[in-house]
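Numbering (the working numbering), first residue to last: 1145 to 1399.
The beta-carbon is built from N, C-alpha and C at its ideal position, and this holds for glycine as well.
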Ligand code: BJW
Ligand code: ZN
């Protein structure tokens, strides 16, 4: 456990909120959820070779049309970082919350750290780095090992069925989210009595708007080291990190 991952003391006000019993818990995570595992967030972080690039430009169908090699190299680099990373105590706490309370997990993240911490049925609103598919016929494609060295350009593989280029299985700006995933996420939120929002800047729609679908009776807690409030109905915004805050929140829910 690194210093950044040491648990933090729960503020008394939050402790009082968590003393209520909750039955239908939803965790809604963004890139900050994985920051303590060393994965750069979408809008900040150390991106090495890729510092000069704007992620919001690269994560678009336009960038893919113009320069597939650069876009593919960027995603392969990110896949390598995720594969080398480990889930942190916050991921483990969320998985335990799911096991013990049947919590639903909704993430905007394209990594697999919730799953590698033991969570199942995670709703990935923006797809996955590990679900590449053909850009022409959508046939899934099994990726090999990511390259060891950072490369600025990599030619994407071709589909064995139709020779189309293989693309990352993520949702780019301007693309529709998977309708079933969105429906399940909205249902879970509409039905929750406790919504735990972690590590999102809440600027990307439709994901950002989903949290407003929580019933007015639901308790909403937010964990973010920055003073973001992604919903106007936050009962408590805890300015801490996912790795430090989540284990304490979950421990108090499970008491
Ligand atoms: C910590 C921490 C620690 C740090 N612990 N926290 C309505 C209004 C306006 C615009 C639109 C709208 N509806 C649709 C749009 C357009 C667009 C959009 O939202 N644009 C906005 C930028 C304005 N949306 C779309 O295009 C979506 N599609 C769509 O709506 O289809 C219908 C349509 C079709 C055609 C035309 C128009 C509409 C698709 C959105 C897809 C988003 N995809 C991405 C990329 C995925 C692949 C990839 O990763 O490359 O998803 S964008 C990127 O942002 C990624 C993320 O999932 C997403 C959200 O980011 P997130 O998770 O919040 O990360 P950050 O980095 O922003 O924030 C990190 C947070 O963590 C910060 O708050 C830190 O403080 C915190 N943090 N360390 C806890 N240790
Ligand atoms: Zn194909």
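From the DSSP output, in three-state form, read off residue i for me.
i, result
"residue 1261", "coil"
"residue 1269", "coil"
"residue 1349", "coil"
"residue 1340", "strand"
"residue 1173", "strand"
"residue 1197", "coil"
"residue 1209", "helix"
"residue 1396", "helix"
"residue 1232", "coil"
"residue 1356", "helix"
"residue 1156", "helix"
"residue 1224", "helix"
"residue 1215", "helix"
"residue 1192", "helix"
"residue 1244", "helix"
"residue 1185", "coil"
"residue 1291", "coil"
"residue 1167", "coil"
"residue 1321", "coil"
"residue 1296", "coil"
"residue 1362", "coil"
On a CA-only basis, which of the options is nearest residue i? Give me that one, please.
i, options, result
"residue 1330", "1311, 1397, 1359", "1359"
"residue 1381", "1391, 1369, 1392", "1369"
"residue 1387", "1214, 1334, 1324, 1239", "1239"
"residue 1261", "1271, 1249, 1269, 1270", "1249"
"residue 1338", "1325, 1229, 1364", "1364"
"residue 1191", "1217, 1244, 1277, 1322", "1217"
"residue 1312", "1323, 1343, 1344, 1287", "1287"
"residue 1348", "1374, 1361, 1332, 1324", "1374"
"residue 1270", "1167, 1232, 1320", "1320"
"residue 1377", "1309, 1354, 1397, 1398", "1354"
"residue 1252", "1318, 1343, 1195, 1204", "1343"
"residue 1115", "1302, 1265, 1234, 1184", "Since the first residue shown for the chain is 1145 and the last is 1399, residue 1115 is missing from the structure and cannot be characterised."
Please confirm whether any heavy atom of the ligand ZN lies closer than 7 Å to the CB of residue i.
i, result
"residue 1212", "no"
Verify the contact flag: residue i, CB atom, against every heavy atom of the ligand BJW, threshold strictly below 7 Å.
i, result
"residue 1321", "yes"
"residue 1370", "yes"
"residue 1383", "no"
"residue 1188", "yes"
"residue 1252", "yes"
"residue 1197", "no"
"residue 1346", "yes"
"residue 1285", "no"
"residue 1172", "no"
"residue 1268", "no"
"residue 1359", "no"
"residue 1256", "no"
"residue 1316", "yes"
"residue 1367", "yes"
"residue 1325", "no"
"residue 1185", "yes"
"residue 1203", "yes"
"residue 1180", "yes"
"residue 1386", "yes"
"residue 1175", "yes"
"residue 1226", "no"
Using the DSSP secondary-structure output, state which residues sit across from residue i in a beta bridge.
i, result
"residue 1284", "1277"
"residue 1382", "1367"
"residue 1251", "1173, 1268"
"residue 1310", "1278"
"residue 1302", "1309"
With 8 Å as the threshold, decide whether the Cβ of residue i is near any Cβ in chain D.
i, result
"residue 1248", "Reference to chain D is not applicable here, since this structure consists of a single protein chain."
Of all residues in the structure, which have a C-beta closer than 6 Å to any heavy atom of the ligand ZN, taken in chain order?
Residues with their Cβ less than 6 Å from any non-hydrogen atom of the ligand ZN, running along the chain, are 1278, 1280, 1281, 1283, 1303, 1305, 1306, 1308.
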